[in-house]
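Novice: Supplied in structure tokens, the structure appears directly below.
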Amino acid sequence: MVTCEAGGFVNPSALASQVDVPLVLIREADKLRPPTISVIKSPSHISLSVSNDSKQKRIEMGRDVVSKGEPGVVDDVLSTGETLCVVIRLLQEAGLSAEDISVMVVAEFPLHRGRELLCQRGFGGINIQCLLVFGGA
Numbered sequence: 028m029v030t031c032e033a034g035g036f037v038n039p040s041a042l043a044s045q046v047d048v049p050l051v052l053i054r055e056a057d058k059l060r061p062p063t064i065s066v067i068k069s070p071s072h073i074s075l076s077v078s079n080d081s082k083q084k085r086i087e088m089g090r091d092v093v094s095k096g097e098p099g100v101v102d103d104v105l106s107t108g109e110t111l112c113v114v115i116r117l118l119q120e121a122g123l124s125a126e127d128i129s130v131m132v133v134a135e136f137p138l139h140r141g142r143e144l145l146c147q148r149g150f151g152g153i154n155i156q157c158l159l160v161f162g163g164a
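Positions 28 to 164 (the numbering used here) are the ones given, in order, by the sequence shown.
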């Protein structure tokens, strides 16, 4: 199971413990021991509206911590889709194909068109399941 620091580790760590699978952490650069792989994450328009920090950031994960199969990504929110796109790109850098990745999101906000962004970036075939959908379908 894979999760990104941006969404917090609370839900994914509890879920990984319950289903007895390892949890792979994706964090901001320089917070994990090498060797790592990384990709650049641009801030979403939501992040920019809260902060004037328009810098791109690098996120990373351990280089050999995921294997072929069906990695499940657990995230707290799907809004703009920027974080999820970067997580998928990082998993691709680790050698996985987008078709092998499934996503579980606690809450989705369709108003921000996250699924649309995923489709535009070539990730429309990824299975995304949401527990809660706020503000439309």
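Using N, Cα and C, we set each Cβ at its ideal position, and we do this for glycine too.
Given the structure is predicted, the values throughout are model-derived calculations rather than measurements.
Please state the DSSP three-state secondary structure of G89.
Specialist: As a first step, residue 89 must be located in the sequence shown, where it is residue number 62. G89 falls in the strand class under three-state DSSP.
Novice: Taking the CB atoms as reference points, tell me whether G141 and S94 lie closer together than 8 Å.
Specialist: If you number the sequence shown from 1, residue 141 lands on position 114. If you number the sequence shown from 1, residue 94 lands on position 67. Not a contact, by the Cβ cut-off of 8 Å.
Novice: Using the C-alpha atoms, what's the distance from G108 back to I155?
Specialist: Locating residue 155 in the sequence shown gives position 128, where the first residue counts as 1. Locating residue 108 in the sequence shown gives position 81, where the first residue counts as 1. Each residue's alpha carbon lies about 12 Å from the other.
Novice: Three-state secondary structure (DSSP) at Q119?
Specialist: Here residue 119 corresponds to residue number 92 of the sequence shown, with the count starting at 1. Looking at Q119 - three-state DSSP - the assignment turns out to be helix.
Novice: Near R60, which residues of its chain fall below 7 Å by C-beta distance, leaving aside the five closest residues on each side in sequence?
Specialist: In the sequence shown, counting from the first residue as 1, residue 60 sits at position 33. For R60, where only same-chain residues beyond five positions count, there are no Cβ hits under 7 Å.
Novice: Taking the runs of the beta strand (DSSP E) that are 3 residues or longer, which of them lie wholly in the stretch 100-150?
Specialist: As far as the stretch 100-150 is concerned, its whole beta strand (DSSP E) runs of at least 3 residues are 129-135.
Novice: Can you tell me which of the three DSSP states Q45 falls into?
Specialist: Working through the sequence shown from its first residue, we reach residue 45 at position 18. Helix at Q45.
Novice: Using beta-carbon positions only, say whether A121 and I64 come within less than 8 Å of one another.
Specialist: Counted from its first residue, the sequence shown places residue 121 at position 94. Counted from its first residue, the sequence shown places residue 64 at position 37. Contact flag set, yes.
Novice: Look at the alpha carbon of D47 and the alpha carbon of R54, and state the distance between them as a whole number of angstroms.
Specialist: Along the sequence shown, one-based indexing puts residue 47 at 20. Along the sequence shown, one-based indexing puts residue 54 at 27. Using only the alpha carbons, I get a separation of about 22 Å.
Novice: Which two residues bound the contiguous beta strand (DSSP E) that contains E32?
Specialist: Walking along the sequence shown from the start, residue 32 turns up at place 5. Where E32 is concerned, there is no enclosing beta strand (DSSP E), given that its DSSP letter is neither H nor E.
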